[in-house]
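Numbering (the working numbering), first residue to last: 495 to 821.
Here it is in structure tokens:
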């Protein structure tokens, strides 16, 4: 058998690496050359859905290609997330990640079909927005302090609703419950709308949900907001206290982070991130997001990765506090 000299082997290795690098650059320059699909693991009408469709419309207008939000729901977001993890890593199938799938499920489920750290590459933090604690206008408490007083006077007699066991709204309220020293019962429903209906009908005393989905009911006076879960007040509702005003240092905002399947070329990831930043800089889009109670962000892939790791740590504590676990 003829032995190929090491010099030739090294030459062809370098040639291959150069070819791959040139190809990746060409891919990035060409992106997007066809429609892009954004996988949303949750239902239409949710806060993630409302926000992502606005961003997708602007990116489509900027690039001349279609950006479709595809709702692949089920199993607490795991079905859609797993689908995105297995997609071809070419920048044309991306994931709309949120606290539920990217920061809660890794600690909540004993076994997941995907690994948030190994199967995805962070692209850009699209937006952040607070959750909001609301109650029915029929309830006697007019602010969060009054609710706390009432709940402490009747331990285990009051309840709150969420969009399901292990959901963002559930875990955020568990952080509030623990830090405020409350003994209240969790009642999970299949989605935000049912959780809100339960609160409005009086089946539970309060609920927690994303500001984008609850703000229309707040503005119309159909529900009474008690506090936003961020460390600062929402610019859209400046008279509404932040939870940090009752629990110093408290901050539990929700967010949407764009993820690409692992293996997506670095140049393509950077190109997508740049297009996101361009879309989020548009005054009209910012105005639309502002009307929803949403703060546009837009981060580099490196900044997005740092943010994601911090959120994983935060929600690990929330899952531990709740004692929740799922198969």
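Virtual Cβ for every residue (Gly too), placed ideally from N, Cα, C.
The shortest CA-to-CA distance from residue 792 to any of 620, 541, 818 and 704 is the one to 620. As DSSP reads the structure, residue 721 sits in a beta bridge with 627.
Residue 768 sits in a helix when the DSSP states are folded into three classes. Residue state for residue 565 is assigned as strand, using DSSP reduced to three classes. Take residue 771, set aside five residues on each side of it, and the residues of its chain with a beta-carbon closer than 6 angstroms to its own are 792, in chain order. Counted as a single uninterrupted DSSP element, the alpha helix (DSSP H) harbouring residue 783 occupies residues 777-785. For residue 750, the enclosing beta strand (DSSP E) has its first and last residue at 747-755. Here DSSP, grouped into helix, strand and coil, assigns residue 818 to coil.
Counting C-beta pairs with one atom in each stretch, the segment 706-725 and the segment 738-757 have three or more that are closer than 8 angstroms, which means they touch. Burial is judged here by how many other beta carbons sit within 10 angstroms of a residue's own beta carbon; residue 562 has fewer than 16 and is exposed. Pairing residue 751 with residue 631, the inter-Cα distance amounts to about 34 angstroms. Beta-bridge annotation (DSSP): residue 790 is paired with 621. DSSP places residue 616 in the strand class (E or B) of the three-state scheme.
Around the Cβ of residue 527, a 10 Å sphere holds fewer than 16 other Cβ atoms; the residue is exposed.
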